[in-house]
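In our numbering, the protein residues as written are 591 to 738.
No residue lacks a Cβ here, since even glycine has one placed at the ideal position from N, Cα and C.
Small disclaimer: the values here were computed from a predicted structure and weren't measured.
For reference, the structure discussed in these notes is given below.
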């Protein structure tokens, strides 16, 4: 995947070394799909190669009124994903685990700027992947777990 093909995130690099990944699906309140995770992985790989990149900020598009509303499952979307991508990401669970492991090995500090709603993966990703978490004055967090 190429950076210029990103659809679910906006990836910005400033001259001062600050890089930002903005979840950019406001119509879905910045929900995270397979494609989102793939784009994040590609951005992280780009940052690791860039000697000028010093820090990463994760945030949500303000138009979505959320950091992220969690995982987005769309079977129609999955059938449109090229086979070479699907071989790396079989299930949403595997995609999340791969991202967490990639963040774990990431060689730059990560700041999560939670601006509003953070549910499910939008809540657990900052907890497992960020070195520092800043929250807006009005965050709403929730993790949907079913205990049996």
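Give the secondary structure of residue i by DSSP, where H, G and I count as helix, E and B as strand, and everything else as coil.
i	result
residue 706	coil
residue 613	strand
residue 656	strand
residue 739	Residue 739 falls outside the range modelled here, since the chain spans only 591 to 738, and no answer is possible.
residue 696	coil
residue 594	helix
residue 640	coil
residue 689	helix
residue 630	helix
residue 672	coil
residue 720	coil
Quick check: what's the CA-CA separation for residue i versus residue j?
i	j	result
residue 655	residue 628	23 Å
residue 604	residue 597	20 Å
residue 592	residue 638	15 Å
residue 729	residue 641	34 Å
residue 616	residue 700	22 Å
residue 695	residue 688	11 Å
residue 632	residue 727	31 Å
residue 708	residue 702	11 Å
residue 698	residue 666	35 Å
residue 673	residue 725	38 Å
Return the bridge partner residues of residue i from the DSSP annotation.
i	result
residue 603	609
residue 647	610 and 701
residue 725	704
residue 661	622
Just mark residue i as buried or exposed, buried being the case when its beta carbon has 16 or more other beta carbons within 10 Å.
i	result
residue 657	buried
residue 793	For residue 793 there is no data in the structure shown, the boundaries of the chain being 591 and 738.
residue 670	exposed
residue 717	exposed
residue 613	buried
residue 722	exposed
For residue i, which of the options has the nearest alpha-carbon?
i	options	result
residue 630	648, 728 and 670	648
residue 712	722, 673, 686 and 636	686
residue 607	719, 715, 698 and 643	643
residue 693	602, 634 and 620	634
residue 653	618, 710 and 609	618
residue 625	710, 650, 663 and 651	663
Is any heavy atom of the ligand SAH found at a distance shorter than 7 Å from the C-beta of residue i?
i	result
residue 694	What this structure holds is no ligand at all, so the ligand SAH is not there to describe.
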